[in-house]
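**Q** For reference, the structure I am asking about is given below.
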Amino acid sequence: MTEQMRLMAVHAHPDDESSKGAATMAKYVADGVKVLVATCTGGERGSVLNPQMDRPEVLADITNIRRAEMDQAREILGVDQAWLGFVDSGLPEGDPLPPLPEGCFGLQDPEEAAKPLIKLIREFRPHVMTTYDENGGYPHPDHIMCHKVSVVAFDAAGDPEKYPELGEPWQPLKLYYNSGWTRARMLALHEGMLAAGLESPYTEWLEKWSDRDDRGDKITTRIECGDYFSVRDDALRAHATQVDPDGFWFRIPLELQRKVWPTEDFELARSLVDSPIPESDLFAGIHESAVRSEV
144 MTEQMRLMAV HAHPDDESSK GAATMAKYVA DGVKVLVATC TGGERGSVLN PQMDRPEVLA
204 DITNIRRAEM DQAREILGVD QAWLGFVDSG LPEGDPLPPL PEGCFGLQDP EEAAKPLIKL
264 IREFRPHVMT TYDENGGYPH PDHIMCHKVS VVAFDAAGDP EKYPELGEPW QPLKLYYNSG
324 WTRARMLALH EGMLAAGLES PYTEWLEKWS DRDDRGDKIT TRIECGDYFS VRDDALRAHA
384 TQVDPDGFWF RIPLELQRKV WPTEDFELAR SLVDSPIPES DLFAGIHESA VRSEV
């Protein structure tokens, strides 16, 4: 009998789970994997990015609204979800940048801030974790702290001498970073749109790409999940304060996406099992070690 696989995705804000690796999570749920999203903050300082929702009463109740949006997205994806309880840092703007708000997630000590995540890992016992790279995917202070906390927790959760008050040790076997918009992916979708006689939304973005960090060469793992792109988009639209349903992210027809770039991509950052690269499964190398005998 094969043990049920468990995947934990650690994200900074509600809506991040629906824009980063959502189709992969939906695929694994359909395959019988137990999936848990750990959300570090409540998104309390997020702006309302959908013009249709940009109303005073929405902004005044943004915390409760974003929680309700997360509930809806969770249902769509078929995952479980837990809040780690930190306060959104907001995205500082200006030159020079203003200081972060006192008490926010971005100012926490990673060793202390990892505690609720370590407790959750020891309770849920994931075989695989996903999070952001050291740059946060993009340099939002909450995304960078999410990376730091995830790495601390991955290393500490299996150590019986660390945080013994947080439960029985459990060591996840693999840690991945979500891979976002690489130039190769954007260029493939851009050229696919042009070949189909459609206007590409990426023209200006590609023209300015030269100063962007591109981690495409670090991708180790590509998950075929095109059948779940529609689930991803439905979950993303559930975050109505954050996503314009008529906006940029939905301009590429799903069939074209499935044809041109049918995967979500990841960087394998840590592995305690033998998993030759490249991979097509986040659980590569784990299935074989998770077989248990029944008496």
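Each number in this note's numbering comes from the position in the sequence shown (counting from 1) with 143 added on.
Backbone N, C-alpha and C define an ideal beta-carbon position, used for all residues, glycine too.
#1: At the level of alpha carbons, what is the spacing between R198 and H430?
#2: Per DSSP, what kind of secondary structure is S373 in: helix, strand or coil?
#3: So for D360, helix, strand or coil by DSSP?
#4: Would you tell me roughly how many angstroms separate the C-alpha atoms of M144 and F426, rounded to the nearest one?
#5: By the three-class DSSP mapping on this structure, what secondary structure does M272 have?
#6: Tell me which residues share the same chain as V438 and place their Cβ nearer than 7 Å to its Cβ, disregarding the 5 neighbours each side in the sequence.
#7: Could you please give me the residues that DSSP links to I366 through a beta bridge?
#8: Over the uninterrupted alpha helix (DSSP H) stretch that includes A296, give me the two end residues.
#9: Beta-carbon within less than 8 Å of R328's beta-carbon, same chain only, minus the 5 sequence neighbours each way: which residues are those?
#10: Please go through the same chain and pick out, in chain order, the residues whose beta-carbon is closer than 7 Å to the beta-carbon of Q215, but skip the five residues on each side of it.
#11: Could you check what DSSP says for G340 in three-state terms: helix, strand or coil?
#12: From the DSSP output, which residues share a beta bridge with L379?
#13: Please list the terminal residues of the continuous beta strand (DSSP E) segment that includes Y319.
#14: CB-CB under 7 Å to L516, same chain, minus the five flanking residues each way: which ones, in chain order?
#15: Tell me whether R435 is buried or exposed, calling it buried when 16 or more other Cβ atoms sit within 10 Å of its Cβ.
#16: Determine the direct distance from the alpha carbon of M196 to that of A383, and round the result to whole angstroms.
#17: Enumerated in chain order, which unbroken segments of the beta strand (DSSP E) with a length of 3 residues or greater are wholly contained in the segment 197-236?
#18: So if DSSP puts Y156 in a beta bridge, which residue, or which two residues, is it bridged to?
#19: If we call anything under 7 Å between Cβ atoms a contact, is V178 one with V230?
#20: Start and end of the alpha helix (DSSP H) containing L263?
#21: With contact counted as at least three CB pairs below 8 Å, one residue from each stretch, are the segment 297-312 and the segment 166-173 in contact?
#22: How about the segment 172-190 and the segment 304-320: do they share at least three Cβ pairs that are nearer than 8 Å?
#23: Does the structure place the segment 413-425 close enough to the segment 383-397 that three or more beta carbon pairs sit under 8 Å?
#24: Where does K402 sit, in a helix, a strand or coil, going by DSSP?
**A** Reading from the atomic positions:
#1: 49 Å
#2: helix
#3: helix
#4: Unreliable placement is indicated for M144, whose pLDDT of 49 sits below 50; the coordinate value is still reported in the next sentence. Between M144 and F426, the C-alpha separation is close to 17 Å.
#5: strand
#6: Residue placement at V438 is flagged as unreliable, the pLDDT there being 26, under the threshold of 50; the coordinate-derived value follows with that caveat. If we look at V438 and ignore the five residues flanking it on each side, it has no Cβ neighbours.
#7: E407
#8: P284 to A299
#9: G359, W404 and D408
#10: A381
#11: coil
#12: According to DSSP, L379 bridges with nothing at all.
#13: K317 to N321
#14: The question about residue 516 has no answer here: the residues shown for the chain are numbered 144 through 438.
#15: A caution first: R435 carries a pLDDT of 37, below 50, which makes its placement in the model unreliable, though a value can still be read off. Classification of R435: exposed, given that the 10 Å Cβ count is below 16.
#16: 7 Å
#17: 223-229
#18: The sequence shown places His at residue 156, rather than the Tyr named in the question. None, per the DSSP bridge assignment.
#19: no
#20: K258 to F267
#21: no
#22: no
#23: no
#24: helix
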